[in-house]
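To start, the structure under review is shown below, and the notes come after it.
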């Protein structure tokens with residue numbers, strides 16, 4: 151995947167939201183802050199920041215925090231997400247976040263950006279080819295699909 155195959159630029163409202171969330175990140179251990187902002191099909195915007203924990207596995211990424219805020223409010227899909235960090239190149243979602251994003255919106259646009267304006271972008275499915283989905287069969291059993 152090239153850095154910006156769809157030639158996407160960050161939506162200004164989502165970029166400002168991701169930057170604001172970035173400032174609220176709780177990252178006392180790694181010092182690696184990330185903010186995310188996503189938009190649902192009806193135009194609502196949800197934000198998330200990474201939140202670390204002394205028990206490292208209990209931390210939560212910014213993308214997951216934004217998706218959890220959306221789901222808690224009743225949202226079940228999103229069209230766009232902007233991820234902001236100060237990494238060069240811009241940090242892209244980790245593997246776990248890619249799967250969480252895929253669960254809700256495999257065709258959503260992802261724009262990762264840093265303080266220099268560098269961009270890494272694509273669709274969620276570009277970041278996680280062959281993502282896992284659990285589907286219901288006609289007989290009520292669940293099967294994994296991609």
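In the working numbering, the protein residues as written are 151 to 296.
Glycine is no exception: its CB is placed at the ideal position from the N, C-alpha and C atoms.
query = Among all the DSSP beta bridges, which residues are the ones paired with residue 230?
reply = Walking along the chain shown from the start, residue 230 turns up at place 80. DSSP, once it has assigned bridges, lists 189 and 259 as partnering residue 230.
request  = Say whether the stretch 265 to 280 touches the stretch 202 to 211, bearing in mind that this needs 3 or more beta-carbon pairs closer than 8 Å, one atom from each stretch.
outcome  = no
key: Beta-carbon proximity check, residue 171 vs residue 193, cutoff 8 Å   = Sequence index remark: in the chain shown, residue 171 carries index 21 (1-based). Sequence index remark: in the chain shown, residue 193 carries index 43 (1-based). No, the Cβ-Cβ distance between residue 171 and residue 193 is not below 8 Å.
Identified DSSP bridge partners for residue 199 = Along the chain shown, read from residue 1 onward, the residue named residue 199 stands at position 49. Beta-bridge pairing links residue 199 to 185.
key: Environment of residue 243 [buried if 16+ CB atoms lie within 10 Å]   = Here residue 243 is taken as the residue at index 93 of the chain shown, counted from 1. It counts as buried.
task = Along the beta strand (DSSP E) that carries residue 272, what are the first and last residues, could you check?
result = Locating residue 272 in the chain shown gives position 122, where the first residue counts as 1. Segment 269 to 273, the beta strand (DSSP E) holding residue 272.
task = Within 10 angstroms of the Cβ of residue 161, are there 16 or more other Cβ atoms? Answer buried if so, exposed if not.
result = Within the chain shown, residue 161 is the residue found at index 11, counting from 1. Label assigned to residue 161: buried.
key: Contact set for residue 190: own chain, Cβ-Cβ below 6 Å, skip 5 residues either direction   = Sequence index remark: in the chain shown, residue 190 carries index 40 (1-based). So the list reads 225 and 228, once near-sequence residues are dropped.
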